[in-house]
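Novice:
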Amino acid sequence: MAASDEAPAPGHVQGVVSDSTAESGEIVAVKVPDLSAAAKRGQNAFQAVCAQCHGPNAGGVDGKGPPLVHAFYRPGHHGDMAITMAVRRGVKSHHWRFGNMPIIEGLTDADLKDVIAFIRAVQAENGIN
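Position 108 (the sequence shown) corresponds to 108 in my numbering; numbering is contiguous.
1) Using DSSP's beta-bridge definition, name the partner residues of Val91.
2) Would you kindly work out how many angstroms separate the C-alpha atoms of Lys113 and Ala82, rounded to a whole number?
3) Which residues does DSSP list as the beta-bridge partners of Val61?
4) Taking Cys53 as part of the alpha helix (DSSP H), name the residues at either end of that continuous run.
5) Provide the residue span of the alpha helix (DSSP H) that contains Val122, from first to last.
6) Under a three-way DSSP split, which group does Arg74 fall into?
7) Quick one, which of Pro33, Ala110, Leu35 and Gly63 has its alpha-carbon nearest Ile27's?
8) Would you tell me roughly how many angstroms separate the C-alpha atoms of Ile116 and Glu105, rounded to the nearest one?
9) DSSP three-state call for Asn129: helix, strand or coil?
10) By a C-beta neighbour count over all protein chains shown, 10 Å radius and 16 as the cutoff for buried, is Gln123 buried or exposed?
11) According to DSSP, simplified to helix, strand and coil, what is Asp80?
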C-alpha cells in the first residue's frame with residue numbers, strides 16, 4: 001500500500017470538525033442532502049445497523065469505525081459491490097486502524113441497496129464522487 005493510501009490513526013482523520021461533529025460523535029462533519037425515498041430508507045437502516053461504528057451520518061466514530069464520507073470510499077475506489085462484500089463478508093483492516101469490520105447481519109439485499117443509496121447521496125453532497 002502506498003503511503004498516500006494509508007490513513008492516520010483514529011482521531012487524526014483529516015476533515016472538517018465542527019461543534020455539530022462533536023455533538024454527534026462523528027469524526028468528520030457531514031452535510032446530509034435532501035434524500036430520495038430509497039436513500040431515506042437507507043438512512044433509517046444505516047442508523048439502526050451501521051451508525052454505532054460509522055456515525056449517524058457516515059462521519060465515523062472515533063475508536064470504532066472510519067468515516068465513509070472519505071475519498072477512500074468514493075465510488076471509483078470502493079464501488080457498491082465492495083460495500084456489499086464488506087457487509088456480507090466483513091473486512092480485514094487495511095486503510096484504517098480501527099480493527100476488522102465484522103460480518104453485518106440483519107440487512108436484506110433491498111435494505112443494503114438503500115443503505116448504499118444513502119451513503120452515495122451523503123458522499124456526493126460532501127464532494128466525494
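No residue lacks a Cβ here, since even glycine has one placed at the ideal position from N, Cα and C.
Specialist: Judging by the given coordinates:
1) Within the sequence shown, residue 91 is the residue found at index 91, counting from 1. BP columns for Val91 point to Met101.
2) Counting from one through the sequence shown, the residue named residue 113 turns up at place 113. Counting from one through the sequence shown, the residue named residue 82 turns up at place 82. When rounded, the distance between both Cα atoms is 12 Å.
3) Sequence index remark: in the sequence shown, residue 61 carries index 61 (1-based). Looking at the DSSP assignment, Val61 forms a beta bridge with Glu26 and Gly65.
4) By 1-based counting over the sequence shown, the position of residue 53 is 53. Run containing Cys53: Ala51 to His54, per the alpha helix (DSSP H) assignment.
5) Translated into the one-based positions of the sequence shown, residue 122 becomes position 122. The continuous alpha helix (DSSP H) containing Val122 extends over residues Asp109 to Glu125.
6) Position 74 of the sequence shown, counting from 1, holds the residue named residue 74. In the displayed model, Arg74 falls within coil according to three-state DSSP, outside both helix and strand.
7) Along the sequence shown, read from residue 1 onward, the residue named residue 27 stands at position 27. The residue among Pro33, Ala110, Leu35 and Gly63 with its C-alpha nearest the C-alpha of Ile27 is Gly63.
8) Taking the first residue of the sequence shown as 1, we reach residue 116 at position 116. Taking the first residue of the sequence shown as 1, we reach residue 105 at position 105. Going from the Cα of Ile116 to the Cα of Glu105 covers about 15 Å.
9) For the purposes of this step, residue 129 is identified with residue 129 of the sequence shown, where counting begins at 1. In the three-state reduction of the DSSP assignment, Asn129 falls in the coil class.
10) Residue 123 sits at position 123 when you count from the first residue of the sequence shown. By the neighbour-count rule (16 or more Cβ atoms within 10 Å), Gln123 is buried.
11) Here the question's residue 80 lines up with position 80 in the sequence shown. Looking at Asp80 - three-state DSSP - the assignment turns out to be helix.
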